[in-house]
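The next block holds one structure in the form of C-alpha cells; read it before the comments.
There are 2 protein chains.
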Amino acid sequence: MTGRLYGVGVGPGDPELMTLKAVRILSEVSVVAYPAPGEGESSARKIAAAFLPAGGTEIAIRIDMRPGPEPMGVYDQAATEIAVHLDAGRDVAVLCEGDPFFYGSFAYLYSRLAKRFPTTIVPGVSSLTACAAASGRPLVSRDESLAVLPATLPDEALEERLHGFDAAAILKVGRHLPRLQALLGRLGLKDRSTYVAHASREDGDVAPLAEVHGKDAPYFSMILVTRNSSP
Amino acid sequence: MTGRLYGVGVGPGDPELMTLKAVRILSEVSVVAYPAPGEGESSARKIAAAFLPAGGTEIAIRIDMRPGPEPMGVYDQAATEIAVHLDAGRDVAVLCEGDPFFYGSFAYLYSRLAKRFPTTIVPGVSSLTACAAASGRPLVSRDESLAVLPATLPDEALEERLHGFDAAAILKVGRHLPRLQALLGRLGLKDRSTYVAHASREDGDVAPLAEVHGKDAPYFSMILVTRNSSP
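Protein sequence lines, in the order shown, are assigned to chains A and B.
Take 3 as the starting number for the first sequence in my numbering and just add one per residue.
Take 3 as the starting number for the second sequence in my numbering and just add one per residue.
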C-alpha cells in the first residue's frame, strides 16, 4: 500500500481561514511539504504552523523568487523526495497558500505524482474571495461575468480580455501597479477599482485604486474591478 | 451598541470545508439567518447544522427558486427583521453557500444593511475551487487567465468572452447543458471541458464533458475548461 498525496489549501493567510478538513488532514499525516523562498520562512507553513504534526517530517521546497522561468529541476527533486515517502506507505500533505488548483505551484507536483499515487485535493479559501471580502464590495452577483487576469499580461491583452466583463480581478499586481492604474484610468474603470494586498493577514491593505499613490505593491496584491451599483 | 452583521461563507457543501472562523462565529452569535427554498430545507443551514448555536434564533429567508427576477420584497423584509436584532445589540450571522461575495444572494442583504451596521465578511471555499478540486485538473497556473461566466448568457456573449482566455468556468449549468455542449463542441473546447455537479457533496458528479449524455444537470453544476497540457 502506497501513501496518499494531499494537496491542502491553507487559505489566504489568516490561520482561522483554514478549513476543518485541512486541519484534520494535517493531524493525520506524518510528512508535510511546502513551498519556501530561497532563504527564510515559508508563508504556507506559517499559516498552518499551529496544526503541523509534532515530530513529523518536513520538506521545504525552496524556490528562488526572482522573476524568470519556474525552476523545474526543483519540482523534479521535490517530487522524487515525496515519492519515497509515498512508496513507503506514508501519507504526504503539500501545503498550498490559498487553493491548490488556483495559481498554485502545487500543479507542478500534481503533474509529477498524481498518476502514480492516490491523490486528494482539499480546496481552500482563495485570494480571490479573500480580497473581495476585504474590499467590502460584492465581486459578482446574478448573471455577471468575471475576468481573472494576471498582472503580467501586456496592456493590449488585458484590455482585450476586460472587454465585455462586468467584473475583474487582476492578480499579482506588484511592480505592475503604476501601469495598471494608467490602463484602468484610460478604460474608465479606475473609479470601480479597489486595491487589496495581503487580504486576511495582519499587514493587509485596502484602498480605492484612485486613492493609491506611490505605493510599493507587494507581489500578493490584487486589483478588483466591480460594478458600482448595488444589487 | 448595535450588533455586528456577519456574512459567513460555509463552503460548497461538505461541512468539513467550513473554515475555523465560520465555526467560531457561529458559536458566538445568537441569531442566524439563511436563504431557503419556498418549502423545505435550506442547503446553507444543512451544511452548518452541526455548528449552529443551540436555542438561538433562526431566520429562514424563503425564496421561490423558479426562474424570474429576484424577489426584492423578500430581502427588504429579511433586512428589516435582521435589523431589529442588530439594533437590539445582538450579532447576526447570515449563512452563505460557498462565499458571500461570489454569486451569493447575501449581496442583497449587504446592500441593505452594511451602511447602517458594522459588518464582517468571512470568505469561504467557493464552488469554483471546489469544482476544480473535484475535476482533478488544475484550473489556472502561472500567467493563465480565467473567464468566469454564468450559463444564462446567450451563445454569442459566451463565445465572445471565452475568446483569448486560457481557462473558463461556466456556472449554474442546469438546463443549459445541451446548448453549452454544442457551443463548446463548435469552439473546439469540448475535449478540454469537465462537467462537475455538487462538488464536495455526497451526490457529487464529475465527468469529461464529451462523455456526458442525456444528463439532467442540476442548477449547481459547472463546466470547467482547462488547458490540456500539464505545467
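C-beta: ideal position from N, C-alpha, C; glycine also.
Cβ separation of residue 124 of chain B and residue 8 of chain B, assumed to be a contact under 8 Å, to the nearest whole Å:
6 Å
In three-state DSSP terms, what is residue 210 of chain A?
In this structure, residue 210 of chain A counts as strand in the three-state DSSP scheme.
Within-8 Å CB hit, residue 156 of chain B to chain A:
By this cut-off, residue 156 of chain B is not an interface position.
Residues in the segment 180-212 of chain A with C-beta within 7 Å of chain B's C-beta atoms, listed in sequence order?
none
In the DSSP assignment, find the unbroken alpha helix (DSSP H) run with residue 74 of chain B in it and report its ends.
74-89
Starting from the Cα of residue 15 of chain A, find the closest Cα among A:22, A:45, A:41 and give me that residue.
Ranking the options by Cα distance to residue 15 of chain A, first place goes to A:45.
What does residue 225 of chain B pair with, by DSSP beta-bridge criteria?
B:172, B:197
Exposure label - residue 82 of chain B; buried when at least 16 CB within 10 Å:
exposed
Going by alpha carbons, who is nearest to residue 147 of chain B out of A:160, A:141, A:135?
A:160
Based on the DSSP output, what are the partners of residue 2 of chain A in its beta bridges?
Limits of chain A in this structure are 3 at one end and 233 at the other, which puts residue 2 of chain A out of reach.
DSSP state of residue 54 of chain B mapped onto helix, strand, coil
Residue 54 of chain B falls in the coil class under three-state DSSP.
Between which two residues does the beta strand (DSSP E) holding residue 60 of chain A run?
59-65
Using 8 Å as the threshold, is the C-beta distance between residue 37 of chain A and residue 63 of chain A below it?
yes
Assuming residue 33 of chain A and residue 87 of chain A are in contact, meaning their beta carbons sit under 8 Å apart, how far apart are those beta carbons, in whole angstroms?
5 Å
Hey, does residue 73 of chain B have any beta-carbon neighbour from chain A nearer than 8 Å?
no
Could you please give the first and the last residue of the uninterrupted beta strand (DSSP E) stretch that includes residue 234 of chain A?
Absent from the model: residue 234 of chain A. The displayed extent of chain A is 3 to 233, so no value can be given.
Sheet register partners of residue 191 of chain A (DSSP bridge)
Under DSSP, residue 191 of chain A shares a beta bridge with no residue.
Which residue comes first and which comes last in the alpha helix (DSSP H) that contains residue 132 of chain B?
129-137
Can you pull the DSSP bridge partners for residue 104 of chain B?
A:142
Once DSSP output is grouped into helix, strand and coil, what is the label at residue 71 of chain A?
coil
Using the beta-carbon count (16 or more within 10 Å), is residue 29 of chain A buried or exposed?
exposed
Identify whether residue 46 of chain B lies in helix, strand or coil by the three-state DSSP scheme.
helix
Looking only at DSSP bridge pairs, what is residue 97 of chain A linked to?
Partner(s): A:10.
What residues of chain A sit near residue 143 of chain B, judged by a beta carbon separation below 7 Å?
Neighbours of residue 143 of chain B on chain A, chain order: 105, 109.
Which residues mark the beginning and the end of the alpha helix (DSSP H) in which residue 159 of chain A is found?
157-164
Residue 76 of chain B and residue 31 of chain B look like a contact to me (Cβ under 8 Å); what is the Cβ gap, rounded to whole Å?
Not confirmed; about 22 Å, so no contact.
Of the listed residues B:68, B:118, B:114, nearest to residue 89 of chain B (C-alpha basis)
B:118
Per-residue burial, residue 74 of chain A [other beta carbons within 10 Å of its own, 16 or more giving buried]:
Exposed, since its Cβ has fewer than 16 Cβ neighbours within 10 Å.
Kindly give me the distance between the Cβ atoms of residue 219 of chain A and residue 199 of chain A, rounded to whole angstroms, as I take these residues to be in contact under 8 Å.
6 Å
Would you list the one or two residues that DSSP bridges to residue 123 of chain B?
B:9
Go through its chain and collect everything with a Cβ distance to residue 122 of chain B's Cβ below 7 Å, but skip five positions before and after it.
Within the same chain, and ignoring the five residues on either side of residue 122 of chain B in sequence, the residues whose Cβ sits closer than 7 Å to its Cβ are 6, 8.
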